[in-house]
Structures are given as structure tokens and as C-alpha cells.
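Sequential numbering from 13 applies to the sequence shown in the working numbering.
Built from N, CA and C at the ideal position, the CB exists for glycine as well.
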Amino acid sequence: MKRNKINLWSFILPLLKPTLYLLIISFFWSILYLDLYLKEKLNIYLILVYILVLLIQIIPSMILQINYYLFDKSTIFEIDNRSLSLIISRKGIEYIIKIDDVDRVRMIHAKNYDNVQRALMPWSPHYFYMICLKNDEEYIVTRLVVRKLENLLKCRIVYKRKWFPLISKYELSRAKNR
Numbered sequence: 013m014k015r016n017k018i019n020l021w022s023f024i025l026p027l028l029k030p031t032l033y034l035l036i037i038s039f040f041w042s043i044l045y046l047d048l049y050l051k052e053k054l055n056i057y058l059i060l061v062y063i064l065v066l067l068i069q070i071i072p073s074m075i076l077q078i079n080y081y082l083f084d085k086s087t088i089f090e091i092d093n094r095s096l097s098l099i100i101s102r103k104g105i106e107y108i109i110k111i112d113d114v115d116r117v118r119m120i121h122a123k124n125y126d127n128v129q130r131a132l133m134p135w136s137p138h139y140f141y142m143i144c145l146k147n148d149e150e151y152i153v154t155r156l157v158v159r160k161l162e163n164l165l166k167c168r169i170v171y172k173r174k175w176f177p178l179i180s181k182y183e184l185s186r187a188k189n190r
């Protein structure tokens, strides 16, 4: 039986790239700032560029991370190989799903790739799954709880791209484990 829940590594992993961007940009910005300050040629555009980079690189990733954490902070995801079932425990309620009842898994991820699959924005590691059953019930699980669900379940995988993969009210209204 494989049991997954949010741990420190699954929480930190999607924030590594934006944090690295922030550190590198802060380092170069501070060197440039000191250089211009010592020459008394400080320009307001330098500060605006830094704020713009901060807004584009860091804040969207933090919003997605907080959104996923608030949704899945009490979720435990288990795969029971003996009974061939998935168990999703959330807020004291346990949902047992037979693997044979799973019709498809919809992976909703960022739509920010170019033609050669390079990530253009830093929130590309954020995604969530909607497990769709044959009786039209759906369950949401984020990447903080389980990664590579498409490899664990041998069923049809449907990839849906959104520009910003936030768990919205629409997905919450469809999910049984909201």
C-alpha cells in the first residue's frame, strides 16, 4: 500500500525554480543598484524592472502553491494494490475508488510551453489531477499529494492545458471531495 500526503519536499519542490530566479535577480540587481548609487545615477527604471520580475516570476507561483496547499492540506492519498483501489481521505471522510471504475484521469497543467516544450513561465511545475469515474463522479488531487499519477494508474490520461492552473470554483463544483 502506497500512502502519500503533503510533506516538506513536495511543498518546496515547485518553489525552487522561482526562488532561484529571485536570488539570481536580487544578486545582480543589488550589484547594479550599488554601482549606480555610488555613481549617483540611480534610476527609477531599475526598481521598476525588479518589481516587474518579482510580479511575473514569484507571485503567481506562490498563489498556485497556496491554492493547492489550502485544498490538499488534510488529504491523504493511498493506492491499495491488494484490493485494487484508491483511497482519498480528506477532512476525516474517506473516499474509496476501485481502479476498474476509473474512466480517465484529467491532468490540468500550465499552458505556457513553446513548440519545443520549454517552460516560459515559472508556474509550469504546478498541476492537479481530476480522477473521473465511469459514473461521472470526479475527485481532485494536486501535485502536492501525488506526482506521476499517470504512471501509477493504467488508464486513459487526458491532458488539459490552462494558462494558469488554479483550482477554480468550476472544478470544485464538479469534484466530490471538495
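Residue environment: F39 is assigned as exposed (fewer than 16 neighbouring CB atoms within 10 Å of its CB, all protein chains considered). Where L161 is concerned, the enclosing alpha helix (DSSP H) starts and stops at L161 to L164. DSSP places S101 inside the beta strand (DSSP E), whose first and last residues are S97 to R102. Closest option to D112, judged by alpha-carbon separation, among S95, I100 and M119: S95. The beta carbons of N189 and I120 sit no closer together than 7 Å. Nearest neighbour of S22 by Cα position, chosen from I78, I37, L46 and I63, turns out to be I78.
Your pair P30 and I70 checks out as a contact, with CB atoms roughly 5 Å apart and the cut at 8 Å.
Membership of D148 in any alpha helix (DSSP H) is not indicated, and neither H nor E is assigned to it by DSSP.
DSSP, reduced to helix, strand and coil, places V158 outside both helices and strands of the structure shown, so it counts as coil.
With fewer than 16 other Cβ atoms from the protein chains shown falling within 10 Å of its own Cβ, L35 counts as exposed. The C-alpha of I63 is placed about 25 Å away from the C-alpha of Y80. For the pair E162 and I169, the Cα-to-Cα distance works out to about 7 Å. Inclusion of S73 and W175 in the CB contact set at 7 Å is not warranted, their separation being larger than that value.
If you ignore the 5 residues before and after A122, its C-beta comes within less than 6 Å of the C-beta of W135, S136 and P177, all in its own chain and listed in chain order. I105 counts as exposed, since fewer than 16 other C-beta atoms from the protein chains shown sit within 10 angstroms of its C-beta.
Per DSSP, F39 is one residue of the alpha helix (DSSP H) stretching across L28 to L50. Following the DSSP letters along the chain, one finds D84 in no beta strand (DSSP E) but inside the alpha helix (DSSP H) bounded by residues I71 to D84.
Exclusion of the five residues before and after V158 leaves N16 and F89 as the residues of its chain whose Cβ lies within less than 7 Å of its Cβ.
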